[in-house]
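K.L.:
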Amino acid sequence: MANNPTVSELRKAAEVSDQEIDAAVDAVLADLATESYPLAKGWTLDLVETLRTNTRAAEALTTDKPAWKRNMVRTAILLAHPVKG
102 MANNPTVSEL RKAAEVSDQE IDAAVDAVLA DLATESYPLA KGWTLDLVET
152 LRTNTRAAEA LTTDKPAWKR NMVRTAILLA HPVKG
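Counting in the numbering used here, the sequence shown runs from 102 upward without gaps.
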């Protein structure tokens, strides 16, 4: 695993579960200002930064298509690099 793995890589390594990823997606959709989000085993994800750096997810949040929003936010989270600490 890389020094700075993505959430997807952590999921493949069983460090983060699908349920924890779904909970992070729910947190974004419930409150777009959520910053520091604890994933699992000491991994933390900055959800605001994750959305700021993923333009497709940011654009999806402005639509009235719930499934599209959810999928784009989940993709952004899977591609994000959480920090250990």
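Where is the CB? At the ideal position from N, CA and C, for every residue including glycine.
1) Output needed for L180: all residues of its chain with C-beta closer than 6 Å, excluding positions within five of it in sequence on either side, in chain order.
2) From what residue to what residue does the alpha helix (DSSP H) around T151 run?
3) Could you check whether L130 and K166 sit closer than 8 Å to each other, using their CB atoms as the reference points?
4) Check S137 in the structure and name its three-state DSSP category.
5) Once you ignore the five residues that flank D119 on each side, which residues in its own chain have a CB closer than 8 Å to its CB?
6) Assuming contact is defined by CB atoms lying nearer than 8 Å, are L152 and E136 in contact in what I supplied?
7) Taking L140 as the reference, which of A134, L133, A128 has the closest Cα?
P.N.:
Quick answer:
1) Take L180, set aside five residues on each side of it, and the residues of its chain with a beta-carbon closer than 6 Å to its own are T107, in chain order.
2) That run of the alpha helix (DSSP H) goes 148 to 153.
3) No.
4) In the structure shown, S137 sits in a strand (DSSP, three-state: E or B).
5) Only R112 meet the Cβ criterion.
6) Annotated as distal: L152 and E136, with beta-carbon spacing of 8 Å or more.
7) Nearest in C-alpha terms to L140, of all of A134, L133, A128, is A128.
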